[in-house]
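Going by this note's numbering, the sequence shown opens with residue 16, and the numbers climb by one from there.
We put the CB at the ideal spot given by N, CA and C, even for glycine.
Take a look at the structure below.
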Amino acid sequence: MTTRLTWTHQPYNAIWDHILFLSSKANVKKLLVGQTLSNRAQTQIFTDNELVEKKSTQIAYSISQAREYYYAADAVSVATSPLLYFYGMLSLAKALIVANDPNLLLDEIKYHGLSSRPIPEDSSCHSDNGDVLTLEDECAVVKPGVFLHLARLTQGIEIPENHVYCMRQLFSVNPELADSYVRSYGISSQVQYLYDHQEIYEPYRLTLCPRTIDKTSFERLFPELPNDFACEEAVRHNQALVYQSKSTITEFPRYIGIYSPLPGGRYLVRGLDYQSNGAIIVQYTFPELCDYIFMFILSNCVRYKQEFWGKVIRGEESGSIGIMNQAISIARLRFPNFVLSQFYNESFVYGTTARWQ
16 MTTRLTWTHQ
26 PYNAIWDHIL
36 FLSSKANVKK
46 LLVGQTLSNR
56 AQTQIFTDNE
66 LVEKKSTQIA
76 YSISQAREYY
86 YAADAVSVAT
96 SPLLYFYGML
106 SLAKALIVAN
116 DPNLLLDEIK
126 YHGLSSRPIP
136 EDSSCHSDNG
146 DVLTLEDECA
156 VVKPGVFLHL
166 ARLTQGIEIP
176 ENHVYCMRQL
186 FSVNPELADS
196 YVRSYGISSQ
206 VQYLYDHQEI
216 YEPYRLTLCP
226 RTIDKTSFER
236 LFPELPNDFA
246 CEEAVRHNQA
256 LVYQSKSTIT
266 EFPRYIGIYS
276 PLPGGRYLVR
286 GLDYQSNGAI
296 IVQYTFPELC
306 DYIFMFILSN
316 CVRYKQEFWG
326 KVIRGEESGS
336 IGIMNQAISI
346 ARLRFPNFVL
356 SQFYNESFVY
366 GTTARWQ
């Protein structure tokens, strides 16, 4: 994916400056018909003038609406901001789906695609039954709507309907929360700093170098890895294990992912557990998709659980406010940039120039 670098001291504002280019219907039309420089797939270049007209109108308005929600969220406290951020994320997601899916318009994606209502036979989800003890017990249930379209469009994965996501699980796979997760809960997250990696395609070979020399602890976090990788006896530069893929591996495993956040660094992230045809599969899920779920859960607390939410944000509940505030700050920056990158099929990154004295 082509990388576009913007030099800025304010990446949040720069992201929105790029996004708001598409709040103009004329600019959206140019993007959709291929007149704007981008790496969009050929299937995302449209020739039907009537369809382009409809899509450009809907995309431009959805982006303008998303910015208004973000403006409003930035102006208020955490007592209400998650609800506004979620509505902004929903508008961005809808704009992206309309832009990149040739078959969908807003009328086909009216619902956000998540629910707080637990499946009756699933006792792991407490979100709607009054038994919630902490924020970490809150959850979301997958339903038809925007979320499934977004996962399919951006990552190409099919998430089972009625799958349950719990808040603690979302925290555990958030790369930028890895250290805070350990401090908050006293246990390791499902994330490991990555010292180095290399992927060769012909023949396929994947080398992973997690930044640890504790093989036992690492393989406890990533139990699927030893089946497909061999760990070399020598460590790299005295600080990283070296795992080489076995000959049976012909593509990047779906149960892990490599993530590089905006501030820098690289992480190896374990996938989430999903049920499929009676079996458990582990599927790496984009952090930005997890941001969407996370903000939905918080928005649900803001709307329908005012007393509980008040205890959370006052720190009376469990101290979750600390890690939650960090997660909100990450999501408000990361999700819009993810949508921006998906519009153009390019990676947008940001840097600050250094000065030598």
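Taking C-beta atoms as the reference points, S199 and S187 fail to come closer than 8 Å. The residues V284 and Y299, in chain order, have a CB closer than 6 Å to that of G272 in the same chain once the five nearest residues on each side in sequence are set aside. Positions of the alpha helix (DSSP H) runs, each at least 4 residues long and wholly inside the stretch 190-274, are given as 193-200, 230-236 and 240-243 in order along the chain.
In the displayed model, A108 falls within a helix according to three-state DSSP. Cα atoms of E322 and P268: separation of roughly 43 Å, rounded to the nearest angstrom. In this chain, the beta strand (DSSP E) harbouring R285 covers Y282 to R285. In this structure, L99 sits near A88, with a CB-CB distance shorter than 8 Å. In the three-state DSSP reduction, L129 falls in the strand class (E or B). Counting only the Cα atoms, G103 lies some 12 Å from V354. Within its own chain, the residues whose Cβ lies closer than 8 Å to the Cβ of V48, once the five positions on either side in sequence are excluded, are I60, F61, T62 and V67, listed in chain order. For A155, the enclosing beta strand (DSSP E) covers residues C154 to V157. The beta carbons of D306 and A346 sit closer together than 8 Å. When DSSP reads this structure, T21 sits in a beta bridge with Y365. Note that the stretch 152-163 touches the stretch 113-131; at least 3 beta-carbon pairs, one per stretch, sit closer than 8 Å.
Per DSSP, the unbroken alpha helix (DSSP H) holding I336 starts and ends at I336 to Y359. In the same chain as Q357, and ignoring 5 residues on each side of it, the C-beta atoms closer than 6 Å to its own belong to L111 and T169, in chain order. The DSSP-derived three-state label of A87 is helix. When the beta-carbon positions are compared, S314 and P97 come within less than 8 Å of each other. Within the stretch 284-323, the beta strand (DSSP E) runs of at least 3 residues that lie entirely inside it are, in chain order, 287-291 and 294-298. Nearest C-alpha to R251 among V297, T227 and T23: T227.
It is roughly 20 Å from the alpha-carbon of Y180 to the alpha-carbon of Y274. Counting only residues of its own chain and dropping the five nearest sequence neighbours on each side, S92 has no CB closer than 7 Å to any other CB. Using a 10 angstroms sphere on the CB of M339, the tally of other CB atoms reaches 16 or more, which defines it as buried.
Counting along the chain, the unbroken beta strand (DSSP E) around V179 starts and ends at V179 to C181.
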